[in-house]
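To keep things clear, I will list the structure first and then write my remarks on it.
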Ligand code: CA
């Protein structure tokens, strides 16, 4: 395990068993001054994450010896809801992308990728992780039974905490600022992932599905699908 610390720069964990890919990623991350941690297996990655809880982003290869990238994603997500996760998927494995997202990954990137593309994805995810606090003078948003504390980066429903990933939190923040307004999927993609995002629009649907599952109750889903367009959030349902 190599460990290169650059002061105050986000810590990124690379989980990849192929040494050549790992060092390719590492060289590029270091060039951009990120602090880099490396793991050649899922087991090693989880051990490392437990020792270094301030890791901002994990880059997770899917095909690993021992437990695979999906299992690592699931475990890391359960323990560290605020960690950013980008899956590294093989070309043509369409199902892998959706599987990873469904398990809580924030994004995926298809191999082989250019350093520029990887850096753009990382920068965009870091923006999502930091965005609510940097851009918003309001630190507490409330509607109905929901309250979003942007300083803590936590969502509460009836005072019970709901664990959201950085991406889910960014989407929910957008909804809170646009309650009862139909937002197009493109709009959500641009606001949350950035206009330079060159991934699949399905990431929006998968993330919305995950948020719904976390916030829904017997009476309400709170996020309504607007057919052929996008989604509308209604947190305050007292008038119904
Ligand atoms: Ca691999």
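Numbering (the working numbering), first residue to last: 107 to 346. Even glycine gets a Cβ: it sits at the ideal position worked out from N, Cα and C. What you are looking at is a predicted structure, and each value in this text was computed from that prediction instead of being measured.
Shortest Cα-Cα distance from residue 180 to any of 196, 198 and 149 involves 149. At a Cβ-Cβ threshold of 8 Å, residue 330 and residue 340 count as neighbours. Ordered by chain, the residues meeting the criterion of a beta-carbon within less than 5 Å of a non-hydrogen atom of ligand 1 are 123, 167 and 169. Fewer than three Cβ pairs drawn from the stretch 283-297 and the stretch 179-197 lie within less than 8 Å of each other, which leaves the two stretches out of contact. In the structure shown, the three-state DSSP call for residue 124 is coil. A contact is defined here as three or more CB-CB pairs under 8 Å, and the stretch 270-285 fails this definition with respect to the stretch 165-176.
Residue 164 has its alpha-carbon roughly 6 Å from the corresponding atom of residue 190. Closest by C-alpha distance to residue 337, out of 296, 305 and 281, is 281. Boundaries of the alpha helix (DSSP H) harbouring residue 320: 308-321, taken from the DSSP string. Closest in alpha carbon position to residue 138, among 225, 263 and 309, is 225. Put simply, the stretch 192-204 does not touch the stretch 241-256. Fewer than three CB pairs are less than 8 Å apart. Taking 8 Å as the cut-off, the beta carbon of residue 135 is found closer than this to the beta carbon of residue 118. Residue 120 holds the alpha-carbon nearest to the alpha-carbon of residue 140 among 219, 300, 258 and 120.
When the alpha-carbon of residue 173 is set against those of 145, 188, 199 and 197, the nearest one is in 145.
Put simply, the backbone Cα of residue 230 is about 20 Å away from that of residue 316. Distance from the CA atom of residue 236 to the CA atom of residue 257, rounded to whole angstroms, is 10 Å.
Contact between residue 279 and residue 295 is absent: CB atoms are separated by about 15 Å, not below the 8 Å threshold.
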